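Trainee: Sharing a structure below in structure tokens format, with a few things to ask.
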Amino acid sequence: MTPLPSTAHVSTRPGRHDDLAVHHWPNPQATWIAVLVHGYGEHLGRYEEVARRLGDDGALVVGPDHVGHGRSGGERVSIADFEPVVDDLHDVVADARADHPGLPVVLIGHSMGGMIAARYAQRYGDGLSALILSGPVLGSWAALALADLPEIPEIPIDVATLSRDPAVGEAYSNDPLVWHGTFRRETLLALRSELELITEAGDLGDLPTLWMHGSEDELVPIDATRAGIEAIRGTDLTERIYPGARHEIFNETNRADVLATTTAFALEHV
6 MTPLPSTAHV
16 STRPGRHDDL
26 AVHHWPNPQA
36 TWIAVLVHGY
46 GEHLGRYEEV
56 ARRLGDDGAL
66 VVGPDHVGHG
76 RSGGERVSIA
86 DFEPVVDDLH
96 DVVADARADH
106 PGLPVVLIGH
116 SMGGMIAARY
126 AQRYGDGLSA
136 LILSGPVLGS
146 WAALALADLP
156 EIPEIPIDVA
166 TLSRDPAVGE
176 AYSNDPLVWH
186 GTFRRETLLA
196 LRSELELITE
206 AGDLGDLPTL
216 WMHGSEDELV
226 PIDATRAGIE
236 AIRGTDLTER
246 IYPGARHEIF
256 NETNRADVLA
266 TTTAFALEHV
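Below, the structure is given as structure tokens:
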């Protein structure tokens, strides 16, 4: 197989509110399309290892930096409504389909990106072969209580909660494209509204769905997510809980197992 590029090619396309940076990991031998959906405050450049592993298993990999994130335009981490973010993602998927007609699509979302991916699946699930959720924000999220405070305190993420691998936290802290500031009130309110919308919008039908979560995830605790999963689960849900793992299971010390589970599930359904 032709070796995949070590880093993504990044292009720009118009988004609903500003220009989007779209990451592409080309694969001339691709048999399926993997669409990555990143989490709050981060960017898709942190997913190089994930993309390479997906490419090794036959995927062409693509995904946007959300508006206000990474290399995309917009005020940093300011999102007043997540439905246009889902629309932006749909445009990226449509571009990939147009460039590679006939290839099946698997959507892979992490954390806030898992919320976005779940909503995408509710709206456009008929066009997906599978949905994979990693530590998704679903159901409720304790951090949203900050929106009710007169002044939102600056509470930096404890990087030790990301992974048992200390190099992950160090890289996160030193990444200039990661947002290290306080939450935006409008974003917290939009997250709350989107979670309520997802819970009320109905189940995922027969879409094959894999939910993966670290048992020691302190950023997005598993119990709240489980309630959200139960509200939207369809008839084909696979659950995988990793004992001892923290929030970023794709960057955990057992990431080889997580990535193997991810690609095996995708290949089973494409």
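Numbers 6 to 275, taken from my numbering, label the letters of the sequence shown in order. Quick reminder that beta carbons are idealized off the backbone N, C-alpha and C, glycines included. As the structure is a prediction and not an experimental result, all values here were calculated from the model.
#1: How should residue 38 be labelled, buried or exposed, when 16 other C-beta atoms within 10 angstroms of its C-beta is the threshold for buried?
#2: Below 8 Å on the Cβ atoms is my contact criterion, and I expect residue 120 with residue 143 to pass it. Report the Cβ-Cβ distance as a whole number of Å.
#3: Taking 8 Å as the cut-off, does the stretch 12–25 touch the stretch 96–112 (at least 3 CB pairs, one atom from each stretch)?
#4: For my contact list, residue 113 and residue 40 are in at a C-beta cut-off of 8 Å; report their separation, rounded to the angstrom.
#5: Check whether the stretch 207–226 touches the stretch 137–154, taking contact to mean three or more Cβ pairs, one atom from each stretch, closer than 8 Å.
#6: Fully enclosed by the stretch 50–115, which alpha helix (DSSP H) runs are 4 residues long or longer?
#7: What is the rounded straight-line gap between the Cα of residue 52 and the Cα of residue 264?
#8: Any contact of the stretch 52–63 with the stretch 73–87, i.e. 3+ C-beta pairs under 8 Å?
#9: Select from 187, 76, 20, 129 the residue whose C-alpha is nearest the C-alpha of residue 14.
#10: For residue 270, count neighbouring Cβ atoms within 10 angstroms of its own Cβ and tell me buried if that reaches 16, exposed if not.
#11: Smallest Cα separation from residue 183: which of 49, 42, 17?
#12: Does the stretch 230–244 come within contact of the stretch 154–172, defined as at least 3 CB pairs closer than 8 Å?
#13: Helix, strand or coil for residue 174, going by three-state DSSP, please let me know.
#14: Between 35, 79, 274, which lies nearest to residue 19 when the distance is taken from Cα to Cα?
#15: For my contact list, residue 45 and residue 91 are in at a C-beta cut-off of 8 Å; report their separation, rounded to the angstrom.
#16: Identify whether residue 293 lies in helix, strand or coil by the three-state DSSP scheme.
#17: In this structure, how does DSSP classify residue 245 when only helix, strand and coil are distinguished?
#18: Which residue's Cα is closest to the Cα of residue 225: 252, 248, 246?
#19: So, is residue 192 buried or exposed, given that buried needs 16 or more other C-beta atoms within 10 angstroms?
#20: Give me, in chain order, the residues of the same chain whose beta-carbon lies closer than 6 Å to that of residue 70; leave out the 5 immediate sequence neighbours on both sides.
#21: Buried or exposed, going by whether 16 or more other CB atoms sit within 10 Å of the CB of residue 189?
#22: Looking only at its chain, what residues have a beta carbon closer than 6 Å to the beta carbon of residue 204, apart from the 5 residues adjacent to it on each side?
#23: Taking the beta carbon of residue 72 as the centre, do at least 16 other beta carbons fall within 10 Å, making it buried, or is it exposed?
#24: What is the rounded straight-line gap between the Cα of residue 273 and the Cα of residue 147?
#25: So for residue 214, helix, strand or coil by DSSP?
#26: Please classify residue 257: is it buried, with 16 or more other beta-carbons within 10 angstroms of its beta-carbon, or exposed?
Mentor: In short:
#1: Counted from its first residue, the sequence shown places residue 38 at position 33. It counts as buried.
#2: On the sequence shown, residue 120 is found 115 positions in, with the first residue counted as 1. On the sequence shown, residue 143 is found 138 positions in, with the first residue counted as 1. Residue 120 to residue 143, Cβ: 6 Å. Contact.
#3: Yes, the stretch 96–112 is in contact with the stretch 12–25.
#4: Position 108 of the sequence shown, counted from the first residue, corresponds to residue 113. Position 35 of the sequence shown, counted from the first residue, corresponds to residue 40. Right, the Cβ-Cβ distance comes to about 7 Å (below 8 Å), so this counts as a contact.
#5: Counting C-beta pairs with one atom in each stretch, the stretch 207–226 and the stretch 137–154 have three or more that are closer than 8 Å, which means they touch.
#6: Within the stretch 50–115, the runs of alpha helix (DSSP H) that reach at least 4 residues and sit entirely inside it are, in chain order, 53–61, 88–104.
#7: By one-based count along the sequence shown, residue 52 stands at place 47. By one-based count along the sequence shown, residue 264 stands at place 259. In a straight line, the C-alpha of residue 52 is about 12 Å away from that of residue 264.
#8: The stretch 52–63 makes no contact with the stretch 73–87, as fewer than three CB pairs between them are under 8 Å.
#9: Reading the sequence shown from its first residue, position 9 is the one you call residue 14. That would be 76, whose Cα lies nearest to the Cα of residue 14.
#10: Your numbering for residue 270 matches position 265 in the sequence shown. Around the CB of residue 270, 16 or more other CB atoms lie within 10 Å, so the residue is classed as buried.
#11: Here residue 183 is taken as the residue at index 178 of the sequence shown, counted from 1. Ranking 49, 42, 17 by Cα distance to residue 183 puts 49 first.
#12: In short, these stretches do not touch, since the Cβ pair count stays below three.
#13: The residue labelled residue 174 in the question sits at position 169 within the sequence shown. If DSSP states are grouped into helix, strand and coil, residue 174 belongs with the helices.
#14: Within the sequence shown, residue 19 is the residue found at index 14, counting from 1. Selected option, being the one with the closest Cα: 79.
#15: For the purposes of this step, residue 45 is identified with residue 40 of the sequence shown, where counting begins at 1. For the purposes of this step, residue 91 is identified with residue 86 of the sequence shown, where counting begins at 1. Contact check for residue 45 and residue 91: beta-carbon distance about 15 Å, past the 8 Å limit, so the pair fails to qualify.
#16: There is simply no residue 293 to check, as the chain begins at 6 and stops at 275 in what is shown.
#17: Working through the sequence shown from its first residue, we reach residue 245 at position 240. DSSP, reduced to helix, strand and coil, places residue 245 within a strand of the structure shown.
#18: Along the sequence shown, one-based indexing puts residue 225 at 220. That would be 252, whose Cα lies nearest to the Cα of residue 225.
#19: The residue you call residue 192 lines up with position 187 of the sequence shown. Under this definition residue 192 is a buried residue.
#20: The residue you call residue 70 lines up with position 65 of the sequence shown. Excluding its 5 nearest sequence neighbours in each direction, residue 70 has C-beta neighbours in its own chain below 6 Å: 26, 48, 49, 76, 77, listed in chain order.
#21: As a working mapping, residue 189 is identified with position 184 in the sequence shown. Around the beta carbon of residue 189, 16 or more other beta carbons sit within 10 angstroms, so the residue counts as buried.
#22: Position 199 of the sequence shown holds residue 204. If we look at residue 204 and ignore the five residues flanking it on each side, its Cβ neighbours are 236.
#23: Counting from 1 along the sequence shown, the entry for residue 72 is found at position 67. Around the beta-carbon of residue 72, 16 or more other beta-carbon atoms lie within 10 Å, marking it buried.
#24: Mapped onto the sequence shown, residue 273 falls at position 268. Mapped onto the sequence shown, residue 147 falls at position 142. One Cα belongs to residue 273, the other to residue 147, and the distance between them is close to 35 Å.
#25: To locate residue 214, count along the sequence shown from 1; it is residue 209. Residue state, collapsed to three classes: strand.
#26: On the sequence shown, position 252 is the one that residue 257 refers to. Buried is the call here.
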